[in-house]
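Report on the structure given below.
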Amino acid sequence: MSNLKTMANLPRIMGKYEVLEELGSGTFGNVRKVKNTETYEILAMKILKPDSDQMLVEREIFNHRLLEHPHIVEFCEVVCWGSRPCIVMEYANGGNLRKWVEAQGALMENQARRLFQQLIVAVDYCHKRGFAHRDIKPDNLMLHKVEGTKNLLLKMCDFGLSKYVSESGLSNAKVGTLDYMAPEVMDSRGRNGYDAKAADVWSCGVVLYVMLCGCFPFISEVERMVRSKADVEHCLLERMQEGKMLDHPLGSVTEQCIDMLRGMLEPEPEKRLTIEKIMEHPWFNIELPAEAREMNTTCLTWTVPPERQQPDQIKKLLQEARGVGGKQPSRGQFRTVL
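Taking this note's numbering, the leading residue of the sequence shown gets 1168, the next gets one more, and so forth.
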């Protein structure tokens, strides 16, 4: 409670950043819309709690720092306010996909496809750079409204659970968000590991289903309300492993789309569609912008610019923040690296 109270009392001016408004909050801390008073650029600042898991904080920062793509929220820098690490990043003006679907209801198939195409291109890029996201869900997919058009750009964010994996590398941890978690991840105990990239594909399939139907694919809200949490998880895993997707919400969805959904929500990872197969699927290629095919070829040539904060500079800031502990920072304790 005291951490949240302190969060609410953060100052209006934080170093070179002017805080404009709160965008959201969660167990990690909160996100604020800020303005760089030197460049006047509008950005987002993720302000983490002092007791945030250090491994997850570093993983989010260092993995995100290595990724640059039109459909990934751009990493800017790390600053610290007392003991609170703050990640400054690109601001997406449309909020996240979860709130968008809640407000709009189930999307038209062509709307869902346009957003899904952007998601898959972003995931393909991450995988080719060697990273699995491991927590793909609408909360971690930001939307940006392009001025003068009706277009929405989708941008992936939150790399706290991401992992660098080799082409054949396996993960062991049960991580992610239950409703978007692949069956092999949910049932990972005692196994020899699972393919984190194949698990990302499953999560993308659930995201697509949610966009099309406004609900989850394996358990209804009514069942969720009347069952215990443990029973919900058991029922969910059982239906996922048996491939028992709820069909009735898909009434108006085309057969081509349902075919791809079933391929992505295939319970056996070895039989599941790969990102490459998704990008070859006829439904995915309907009205696919020409530039989408070449986007990753260009983006994969990108290297971290020398002016971007270096890992040792970031680690020093984080170590200093841990040293401050729970003390209330003074104005002079806002730290950055120039």
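The beta carbon of each residue, even a glycine, is placed where N, CA and C say it ideally should be.
* Asked: Going by alpha carbons, who is nearest to D1354 out of K1364, K1341, A1366, A1363?
  -> The residue labelled residue 1354 in the question sits at position 187 within the sequence shown. The shortest Cα separation from D1354 among K1364, K1341, A1366, A1363 belongs to K1341.
* Leaving out the 5 sequence neighbours to the left and right, which residues in its chain are closer than 7 Å to R1394 when beta-carbon positions are compared? -> Position 227 of the sequence shown holds residue 1394. Taken in chain order, the residues that qualify are C1402.
* Whole alpha helix (DSSP H) runs in the segment 1180-1239 with 4 or more residues, listed along the chain? -> 1221-1232
* Selected residue, minimal CA-CA separation from A1349, among R1406, S1219, V1268 -> Here residue 1349 is taken as the residue at index 182 of the sequence shown, counted from 1. Nearest option by C-alpha distance: R1406.
* Contact check, Y1292 vs K1200, beta carbons under 8 Å -> The residue given as residue 1292 occupies position 125 in the sequence shown. The residue given as residue 1200 occupies position 33 in the sequence shown. It is not a contact, given that the beta carbons lie outside the stated cut-off.
* Which term fits K1304, buried or exposed, when burial requires 16 or more other beta carbons within 10 angstroms of its beta carbon? -> Within the sequence shown, numbered from 1, the residue matching residue 1304 stands at position 137. K1304 comes out buried.
* Let me know the secondary structure DSSP gives L1299 once reduced to three states. => To locate residue 1299, count along the sequence shown from 1; it is residue 132. The sequence as given places Ala at residue 1299; Leu does not occur at that position. If DSSP states are grouped into helix, strand and coil, A1299 belongs with the strands.
* To do: Kindly provide the ranges of any alpha helix (DSSP H) runs that are 4 or more residues long and lie completely inside the segment 1254-1283, ordered along the chain.
  => 1264-1271
* Endpoints, the beta strand (DSSP E) within which K1322 is located -> Residue numbering aside, residue 1322 sits at position 155 when the sequence shown is read from its first letter. First-last of the beta strand (DSSP E) with K1322: 1319-1323.
* **Three or more C-beta pairs below 8 Å linking the segment 1308-1327 and the segment 1218-1236** => yes
* Looking at the structure shown, is I1453 part of a helix, part of a strand, or coil, going by DSSP? -> Position 286 of the sequence shown, counted from the first residue, corresponds to residue 1453. Coil.
* Let me know the secondary structure DSSP gives E1474 once reduced to three states. => Numbered from its first residue, the sequence shown carries residue 1474 at position 307. If DSSP states are grouped into helix, strand and coil, E1474 belongs with coil.
* In chain order, what residues of the same chain lie with their CB nearer than 6 Å to the CB of M1212, ignoring the 5 residues before and after it? -> For this step, residue 1212 is matched to residue 45 along the sequence shown. Hits under 6 Å: R1199, V1201, C1253, V1255.
* Return yes when the Cβ of M1431 is within less than 8 Å of the Cβ of V1368, no when it is not. => Within the sequence shown, the letter at position 201 stands for residue 1368. Within the sequence shown, the letter at position 264 stands for residue 1431. Against a cut-off of 8 Å, the Cβ pair of M1431 and V1368 comes out as a contact.
* Asked: Which residues does DSSP pair with S1419 in a beta bridge?
  -> One-based indexing of the sequence shown puts residue 1419 at position 252. None, per the DSSP bridge assignment.
* Asked: Going by alpha carbons, who is nearest to P1449 out of W1267, E1458, C1424?
  -> Stepping through the sequence shown from its first residue, residue 1449 is reached at position 282. P1449 has its Cα closest to that of C1424, out of W1267, E1458, C1424.
* Asked: Roughly how many whole angstroms lie between the Cα atoms of Q1486 and D1218?
  -> Locating residue 1486 in the sequence shown gives position 319, where the first residue counts as 1. Locating residue 1218 in the sequence shown gives position 51, where the first residue counts as 1. Each residue's alpha carbon lies about 13 Å from the other.
* Asked: By how many angstroms is the C-alpha of T1204 removed from the C-alpha of M1446?
  -> The residue labelled residue 1446 in the question sits at position 279 within the sequence shown. The residue labelled residue 1204 in the question sits at position 37 within the sequence shown. When rounded, the distance between both Cα atoms is 42 Å.
* Output yes or no for whether 8 Å exceeds the beta carbon distance between L1310 and G1261. => Residue mapping note: residue 1310 aligns to position 143 of the sequence shown, counting from 1. Residue mapping note: residue 1261 aligns to position 94 of the sequence shown, counting from 1. Their beta carbons are under 8 Å apart, which means L1310 touches G1261 by this criterion.
* Asked: So who's on the other strand from M1309, going by DSSP bridges?
  -> Taking the sequence shown and counting its residues from 1, one reaches residue 1309 at position 142. In DSSP, M1309 forms a bridge with N1263, K1322.
* Asked: Is W1248 helix, strand or coil when you go by DSSP?
  -> On the sequence shown, position 81 is the one that residue 1248 refers to. Correct three-state label for W1248: strand.
* Asked: Of the residues I1180, M1378, P1237, which one's Cα is nearest the Cα of K1322?
  -> Taking the first residue of the sequence shown as 1, we reach residue 1322 at position 155. It is P1237.
* Residues that Y1361 bridges to, as DSSP identifies them -> The residue labelled residue 1361 in the question sits at position 194 within the sequence shown. DSSP lists S1338 as partners of Y1361.
* Asked: For the candidate residues K1438, Y1361, G1490, whose alpha-carbon lies nearest to that of N1339?
  -> As a position in the sequence shown, residue 1339 is number 172, starting the count at 1. Minimum Cα distance to N1339 is reached at Y1361.
* Is the CB-CB distance between L1375 and L1319 below 8 Å? -> As a first step, residue 1375 is located in the sequence shown; it is residue number 208 there, counting from the start. As a first step, residue 1319 is located in the sequence shown; it is residue number 152 there, counting from the start. Not in contact: L1375 and L1319 (Cβ atoms no closer than 8 Å).
* Candidates S1333, K1312, F1451, of which the one nearest H1294 by Cα -> As a first step, residue 1294 must be located in the sequence shown, where it is residue number 127. Residue S1333 is the option with its Cα nearest to H1294.
* To which residues does DSSP link F1242 through a beta bridge? -> Indexing the sequence shown from 1 puts residue 1242 at position 75. According to DSSP, F1242 bridges with M1256.
* Helix, strand or coil at K1330 [DSSP, three-state] -> As a first step, residue 1330 is located in the sequence shown; it is residue number 163 there, counting from the start. K1330: strand per DSSP, three-state reduction.
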